[in-house]
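Notes for the one structure printed next.
Protein chains in written order, with the working numbering: chain A, 1 to 136; chain B, 1 to 169.
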């Protein structure tokens, strides 16, 4: 009902679906168009779109009025809590994905930045202290 | 009465009003009980000016400020969405020293009940509209930019919009 939505721009929706629905545990809700898919994970709804032309019926990934095309990438990201970060990272390594860093340990969490096949970043974290789970 | 010119320099005192769920979790933590794991969707945005960003998300888009424990970090909520605002800095640097920056096209998407009036109000307040209202298959959308240039998508469902009401186990 009150899901939070995030839109990620990808160049290949099918490759992205495979990535997010693997070890990251997203569930595919709909994929009605080659340029659009909707996934969920807990309260997060992730909308994956590939850039389309100005006449495409899907409104979200059309170019800007000045013609600028939307692209994957950047630093803003979704943050996903996982139960066992090392295990998830090992599962992801054989795939065609890249990590921007290695696992780092903070005060309350271990985390790592992984890129989806299009180059968008996802922050994975595992709480290592009970208190850290409150703030994620 | 003549206003005290030093008023402009004084920091206003802001009452702390944590959300009930947060206060409850905090209380149970203090009591040594197992805290509930927050399932809120969490997103991190990088911003250049944290105070400007907090004001934008709070005053323009209806977020609540939950935490602002340091000059480089704040946590905001809007419904079930938890938005972390971070100022790029050493803790976020990659091994090669690269620092994150605001911007990009990936964005949070916020549901509003009346997109036209929301957009009109934001425009009147001087908010940068990155793209006018576009009609899509199931939603109408508009794109605004926060003061650092991060995008926020606003959407209003159209006829035929579908949203699951329950989550599969």
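Built from N, CA and C at the ideal position, the CB exists for glycine as well. As the structure is a computational prediction, the values presented were derived from the model and not from experiment.
- Message: Rounded to whole angstroms, what is the Cα-Cα separation between residue 51(B) and residue 57(B)?
- Response: 10 Å
- Counting contacts by CB-CB distance shorter than 8 Å, is residue 65(A) in contact with chain B? yes
- Message: Cβ closer than 7 Å: which chain A residues qualify as neighbours of residue 134(B)?
- Response: Per Cβ cutoff of 7 Å: 59, 62.
- Query: By how many angstroms is the C-alpha of residue 70(B) removed from the C-alpha of residue 94(A)?
  - Reply: 38 Å
- Task: Taking 8 Å as the cut-off, decide whether the C-beta atoms of residue 59(A) and residue 128(B) are in contact.
- Result: no
- Message: I'd like to know whether the C-beta of residue 6(A) is nearer than 8 Å to at least one C-beta of chain B.
- Response: yes
- Determine the direct distance from the alpha carbon of residue 124(B) to that of residue 35(B), and round the result to whole angstroms. In this predicted model, residue 35(B) has a pLDDT of only 46, less than 50, meaning its place in the structure is not dependable; the value taken from the coordinates is given anyway. Roughly 43 Å between the two C-alpha positions.
- Could you say which of 47(A), 123(A), 18(A) lies nearest to residue 100(B) if we only look at CA atoms? Residue 123(A) is the option with its Cα nearest to residue 100(B).
- Task: Could you please give the first and the last residue of the uninterrupted beta strand (DSSP E) stretch that includes residue 64(B)?
- Result: 64-70
- Task: For the beta strand (DSSP E) containing residue 46(B), list its first residue and its last residue.
- Result: 41-46
- Item | Cutoff 8 Å: residue 9(A) Cβ touching any chain B Cβ | yes
- Query: What does residue 95(B) touch in chain A if you count any residue whose Cβ is under 8 Å from its own?
  - Reply: 101, 102
- Euclidean distance between Cα positions of residue 156(B) and residue 7(A): Rounded to whole angstroms, residue 156(B) to residue 7(A) spans 15 Å at the Cα level.
- For residue 47(A) and chain B, any beta-carbon pair shorter than 8 Å? So, interface residue.
- To the nearest angstrom, how far is it from the Cα of residue 154(A) to the Cα of residue 55(A)? Beyond the ends of chain A as shown, which are 1 and 136, falls residue 154(A); an answer cannot be given.
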